[in-house]
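Using UniProt numbering, the first residue of the sequence shown is number 1, and each one after it goes up by one. All C-beta atoms, glycine included, are put in the ideal place defined by N, C-alpha and C. All values reported here derive from a predicted model rather than from experimental measurement. Heads up, the thing below is written out as structure tokens.
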Amino acid sequence: MSQSTQSFQLTQSTSKSPLRLMVVEDDLAYGAALCRRLSRHGFECRHVSEPTEALLCARSWQPSHVLLDMKLEQTSGLKLITPLRASLPAANIVLLTGFASIATAVEAVKLGADNYLAKPVDSQTLVVTLLPEAKRRGCAEEATSQLALHEQTAEVDESLDAPMSPRRLEWEHIQQVLAANEGNVSATARKLGMHRRTLQRKLAKKP
């Protein structure tokens, strides 16, 4: 059995769980650790390490959630977002990145990702990011019970900041480009590839 095949595995979890999570991570140890952690919160997990495996698993298994590492050995995780979204139109796709780049996060959201998280990421942040989508898919009872269990067995870090919304990410990125152009709106609009009036409207509506 190849190392690649070994990574495509079902973690210990109930087969009746409505929360199906595919972890796309070429670091086998880290991917397995993510699966172990999240299986404790009601997720049925599968770990894949290669792009082709990810696309096959998406089509055949139809996960409700995807954790996608941005820096894969063979390609960028950004290139997988569009084909994954085509196969999984209702899935919650979350990008995992080793560096919190606003520009990259904005690009990921534009390509179809729902959210992003910077590594290393703790279990509490993972659960908080993933469970809201689970609740919207009719899994509120499962999600609430798992979150209650987590709160009983672990301290909740109130200092954790929730990931920024797509609109907020875009606004922050615009502010960075605007600062780089010394406040010149026309130059910033050209750099961002948008009309000057469109940029002005976005600047006037801070999310």
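{"Item": "Once the 5 residues before and after D157 are set aside, which same chain residues still bring their CB inside 7 Å of it?", "Value": "Because D157 sits at a pLDDT of 39, beneath the cut-off of 50, its placement in the model cannot be relied upon, and the point is left open."}
{"Item": "With burial defined as no fewer than 16 other Cβ atoms inside 10 Å of the residue's Cβ, what is the status of R196: buried or exposed?", "Value": "exposed"}
{"Item": "Are the Cβ atoms of L131 and H41 separated by less than 9 Å?", "Value": "yes"}
{"Item": "Looking only at C-alpha atoms, which of L169, L203, T82, Q74 sits nearest to D26?", "Value": "Q74"}
{"Item": "How would you call T97, buried or exposed, if buried means at least 16 neighbouring beta carbons within 10 angstroms?", "Value": "buried"}
{"Item": "I need the straight-line Cα distance from V127 to L38, nearest angstrom please.", "Value": "8 Å"}
{"Item": "For S64, which of helix, strand or coil comes out of DSSP?", "Value": "coil"}
{"Item": "Using a Cβ-Cβ cutoff of less than 6 Å, which residues in the same chain neighbour M22 once the five nearest sequence positions on both sides are dropped?", "Value": "R46, C57, P63, V66"}
{"Item": "Give the DSSP-derived three-state secondary structure of S123 in the structure shown.", "Value": "helix"}
{"Item": "Does the beta-carbon distance from K71 to P51 come in below 9 Å?", "Value": "no"}
{"Item": "Could you check the C-alpha separation between E44 and L169 for me, to the nearest Å?", "Value": "30 Å"}
{"Item": "In angstroms, rounded to a whole number, what distance separates the CA positions of R201 and I81?", "Value": "29 Å"}
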